[in-house]
Each structure stands twice: as C-alpha cells, then as structure tokens.
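First comes the structure, then the notes that go with it.
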Amino acid sequence: MKKILMVCLGNICRSPLAHGILASKLPSDQFYVDSAGTANYHIGDPPDQRSIAVAKKHGLDISQQRGQQFRSSFFDEFDIIYAMDESNYDNIIKLARDKDDISKVRLILDEDESVKVKNVPDPYYGDRSGFEYVYNLLDQVCETVSQKLQKN
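Mapping the sequence shown onto full-length UniProt numbering, position 140 (from 1) lands on 140, and the numbers just tick up by one.
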C-alpha cells in the first residue's frame, strides 16, 4: 500500500482538504492518505468549519479528521509527503535525517504543470471564498496526482 501525507501549517485548512480530496480519488485498498501540520497549534482539533463546509458542498466529509503535528517518524511511515507551500516544505526538510527523507518531500502544486501558482494560499484569515479557491486548486492538482499514482 502506498502512503501519502499532506502537510500545511496548522492541519486545519489546506492539508485536511487535500487529504479528503486525494483520498476520494484513489482506491482505498491501494492507497492511504493522511495529513499533518508543521506547527502544534491544532493537535486533536477537527478541520476548520469552513474547510468542512466547502468539502461537504463538494460531497466530501472531512469532519472526522483530527489535527496532528508532523514528526520525523513520518519519513518512515509515508512514501510521499506533499507540502502545501514553500514555508512548510522548508520546515519538513529541516526534520529530514538524510537524502532518502528529502526525496519523499514535494510541493503539491509542482505536480500539475498547468497550475501557475507555486504555493497553496492559506485561507485561514480570509472569508469562505478563499476556501472555495483552495478547494478548486487542490481538486485540480489531486486529480493529476491521482492519475500519476495509479499509472505507477
């Protein structure tokens, strides 16, 4: 089974959406998707209500997810680690123990060449439209990721 981890800062906005979206696009008997945050702000908390609402609007239930902090052992547990932005990418890399760990970490938006932005914006301080934008951005790239993963 291939294991994929989605990572943002607090694990309540972007990474729970990416987690739910990608999991919905992959067969659960072949792929395991989870999410984490580089900060410890929301350990044990459900996703932001706006993330839950936008996911529900698109037919996904992410309400059972709980925030967790990224830890070095995740390099052993996961095959691919997707960072939502460059800042979180850098924070993950700082915890890497060797080149093998580093080779697992990628910026998620780099997976789809048609996406012209490099970082998934953090919608936390904005209104609901920011969450919709992030959902659509992640839905597009997760479709590409899903197709690539299922080809291999």
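Glycine included, C-beta positions come from ideal geometry on N, C-alpha and C.
Please state the DSSP three-state secondary structure of residue i.
i	result
residue 163	Because the chain is modelled from 1 through 152, residue 163 falls outside the range shown and cannot be assessed.
I102	helix
F78	coil
residue 153	Limits of the chain in this structure are 1 at one end and 152 at the other, which puts residue 153 out of reach.
Q69	strand
N152	coil
L142	It should be pointed out that residue 142 corresponds to Cys in this sequence rather than to Leu. The answer is helix: DSSP assigns C142 an H, G or I state.
Q49	helix
Q64	coil
H19	helix
Check whether the Cβ atoms of residue i and residue j lie closer than 8 Å to each other.
i	j	result
L109	L17	no
S146	K57	no
S15	M1	no
residue 153	V134	With the chain running from 1 to 152 in the structure shown, residue 153 is simply not present.
D85	G67	no
What is the C-beta distance between residue i and residue j, in whole angstroms, given that I count them as a contact (C-beta under 8 Å)?
i	j	result
Y32	K3	5 Å
I12	D48	5 Å
N88	C8	6 Å
A115	Q150	Note on residue identity: the sequence assigns Val, not Ala, to residue 115. At roughly 20 Å, the Cβ-Cβ gap does not stay under 8 Å, so V115 and Q150 are not in contact.
F75	R97	7 Å
So if DSSP puts residue i in a beta bridge, which residue, or which two residues, is it bridged to?
i	result
C8	G37
L107	A83
K116	Looking at the DSSP assignment, K116 forms no beta bridge with any residue, so it has no partner.
K3	Y32
Which residues in the same chain as residue i place their Cβ atom closer than 6 Å to its Cβ, once the five residues preceding and following it in sequence are excluded?
i	result
S72	L95
D79	K2 and K3
Y82	M6, R106 and I108
P123	C13, G130, F131 and V134
K148	none
So that I know if they touch, is there some Cβ in chain B lying closer than 8 Å to that of residue i?
i	result
L60	Absent here is chain B; the protein component of the structure consists of one chain.
For residue i, which residues from the same chain have a beta carbon less than 8 Å from its beta carbon, with the 5 sequence-adjacent residues on both sides left out?
i	result
D128	Sequence check: residue 128 is Arg here, not Asp. Cβ within range, chain order: R50, A53 and V54.
H19	M6, V33, D34, S35, I62 and Q65
L60	G20, I21 and S24
I93	I102 and V105
Q69	N11, A36, G37, T38, A39, N40 and I43
D100	F75
Once you ignore the five residues that flank residue i on each side, which residues in its own chain have a CB closer than 7 Å to its CB?
i	result
N91	T38
E113	none
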